[in-house]
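Structure, as structure tokens:
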Amino acid sequence: MTPTPVTPTARRLPEETTVAILGGGPAGATTACYLAMAGIDHVVLERAHFPRHHVGESLVGATNRIFDEIGFLEKLDAAGFPRKQGAVWVPKSGKNPHAIRVVPDKTFGGLDYTFHVDRARFDHMLLDHAETLGSPVYQGALVNGVETRDGRIESVQVQHEGETHTLRTRFVVDATGRNTFLGSRFRLLQKDTLFDQYAVYAYWKGVGRGPEETAGYIHIHFLPSERGWVWQIPIDDETTSIGVVTEKADFQRNGQDSEAHYAHHLARNPELSRRLEQATRVSNLRSEGNYSYSMRELVGPGYLLVGDAARFVDPIFSSGVSVAIYSAKFAAEQIAHVVAGERPEAEAFGAYETQMRAGVELWYDFIKVYYKLQNLFTYYLRKPEYRDQLVQLLQGNVYDARGITVLERLREDIRRIESTPGHVLQEGLSDIPI
Ligand SMILES: Cc1cc2nc3c(=O)[nH]c(=O)nc-3n(C[C@H](O)[C@H](O)[C@H](O)COP(=O)(O)OP(=O)(O)OC[C@H]3O[C@@H](n4cnc5c(N)ncnc54)[C@H](O)[C@@H]3O)c2cc1C
């Protein structure tokens, strides 16, 4: 599809709109693209001025479908981002890394790869793309309040260019990411007690990327601590993102500052240490906490939560951007049904909630089983009868779970291992309930 420019960047906020989209990250920008294509009046309110930094650089194959539908895939492919065709799991010992090719089937844009992206540039491109489709995008527009009447949002309060505006709106799509604007305001947020993690990361140059054929893969280096791992993501030919993820309690227990914590863990996987021998850090250290969480409800009268504003699961499988853009599609589709008078709002928004929950809960189940016994996961990857299902999950094709039996099989095996006295794999079991 070739995008058709419809309106230039809007400068003054209107007084009224049909859909106010809060946040212009991947979820907000993609919602805007779908609404623009459906001819539904909306505005995007983004507090930052893009480009702005963001964590989350590795995409999954399922994103190709959405990018193709909104006419963005060609631009993305032409932008020169590193191509991603798989993942390498490096065990704690650093020995015998396990590489798996995870390639899309060329259905979308003929591409059998996805991408690793510098998020500042990628998010900017996507938001610009929404504008070329006709979305009025307001940057530097901070949403800091909502007014409700009889439980329904009537307007949002926006700080823009030094003024406070009241924007009346029929619907609100909250795409404010881990800021969780509405979820926090309406007390919907529930902290996840299983995954209370903490990430510290930086950019490096000169990192060894291992054998040529897997140099463009994401590498996950495991650490000898519960739920501890390090990502290695190529950002361009020279730059590599290296991020340490551990339990927050692990960070607090050691009483180290972020620098010491980062250095300590980078030295704990022998293969990773080797890769960093000739490398130089070229950025400040950044950290991310505040994950994971879910929301009691994903919709309410007149509003829907999308992307990280709706749910955040551990990023081990690079699911975030994919969830953001799929939820954007599903939300925009349901809004279109309501606007067209085809479905009552409660029914349409309920359908959105069901669709979104089905996908993220499958991701979540997958992550839990994975952390429960990592060795079993790599063993299953080698089994031809389960490999395809695992690859389907790793690609992010999680919204239609029909035929996905592998997680149940993994759970059965785990229960058997747990209940078999002296089983050799018991040592690797974590305390996660499955
Ligand atoms: C440590 C870590 C590693 C990750 N790794 C990956 C990965 O490898 N791959 C992957 O796909 N995902 C990864 N993720 C997840 C990924 O970063 C997110 O899922 C993704 O950015 C979600 O997109 P979004 O549009 O929902 O939110 P965001 O990208 O966060 O966008 C939200 C936008 O809303 C704006 N905003 C916030 N509040 C307001 C307000 N009040 N008014 C106006 N605007 C507002 C913000 O400025 C921001 O631009 C990772 C996350 C973490 C924490």
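For the sequence shown, the positions run 461 to 894 when our numbering is used.
The beta-carbon is built from N, C-alpha and C at its ideal position, and this holds for glycine as well.
At least one heavy atom of ligand 1 lies closer than 6 Å to the C-beta of residue 748. Excluding the 5 residues flanking it on each side, residue 827 has same chain C-beta neighbours closer than 7 Å at 773, 774, 776, 777, in chain order. Not one heavy atom of ligand 1 is found less than 6 Å from the C-beta of residue 837. Judged by the Cβ position, residue 796 fails to qualify as a neighbour of ligand 1 at the 6 Å threshold, every heavy atom of the ligand being at least this far. Pairing residue 784 with residue 767 gives a Cβ-Cβ distance under 7 Å. Taking one beta carbon from each stretch, the region 863-871 and the region 837-848 have 3 or more pairs nearer than 8 Å; the two touch.
Rounded to the nearest angstrom, the gap between the Cα atoms of residue 615 and residue 625 is 10 Å. In the assembly as shown, residue 835 is an exposed residue. Its beta-carbon has fewer than 16 other beta-carbons within 10 Å. In the DSSP assignment, residue 835 falls within the unbroken alpha helix (DSSP H) covering 834-841. In the structure shown, the three-state DSSP call for residue 546 is strand. With a minimum length of 4 residues, the unbroken runs of alpha helix (DSSP H) contained wholly in the region 575-613 fall at 579-592. Along the length of the region 618-677, whole beta strand (DSSP E) runs at least 3 residues long occupy 623-634, 649-651, 657-665, reported in chain order. Bridge partners of residue 765 according to DSSP: 634. Annotated three-state conformation of residue 724 is helix, per DSSP. Ranked by Cα distance from residue 816, the options 853, 799, 682, 771 are led by 771. The residue among 529, 880, 592, 539 with its C-alpha nearest the C-alpha of residue 569 is 529. At a Cβ-Cβ threshold of 7 Å, residue 514 and residue 583 count as neighbours. When C-beta atoms of the region 645-657 are compared with those of the region 737-745, fewer than three pairs fall below 8 Å, so the two segments do not count as touching. Under the rule that a run must span 4 or more residues, the alpha helix (DSSP H) segments found entirely inside the region 770-800 read 780-799. Each residue's CA atom was taken as its position, placing residue 759 and residue 847 some 35 Å apart. Ligand 1 approaches residue 639 closely enough that one of its heavy atoms is under 6 Å from the residue's Cβ.
Looking at the DSSP output, residue 740 sits in a beta bridge with 665. For the region 469-545, the continuous alpha helix (DSSP H) assignments of 4+ residues that do not extend past its boundaries occur at 486-497, 523-529, 533-538, in sequence order. Each residue's CA atom was taken as its position, placing residue 493 and residue 610 some 31 Å apart. Residue 701 is bridged by DSSP to 663, 693. In the same chain as residue 803, and ignoring 5 residues on each side of it, the C-beta atoms closer than 7 Å to its own belong to 797, in chain order. In the DSSP assignment, residue 748 is bridged to 659.
Counted as a single uninterrupted DSSP element, the stretch harbouring residue 753 is not any alpha helix (DSSP H) but the beta strand (DSSP E) occupying residues 753-755.
In the three-state scheme derived from DSSP, where H, G and I count as helix and E and B as strand, residue 760 is classed as strand. Exposure of residue 893 is indicated by the presence of fewer than 16 other C-beta atoms within 10 angstroms of its C-beta. Remark: the C-beta of residue 518 is in contact range of ligand 1, defined as less than 6 Å to any heavy atom. Cβ neighbours of residue 641 within its own chain (closer than 6 Å, five residues either side excluded): 482, 634. In this structure, the straight-line span from the alpha carbon of residue 864 to that of residue 821 is close to 13 Å. The C-beta of residue 566 has fewer than 16 other C-beta atoms within 10 Å across all chains shown, which makes the residue exposed. For residue 560, the enclosing beta strand (DSSP E) begins and ends at 558-561.
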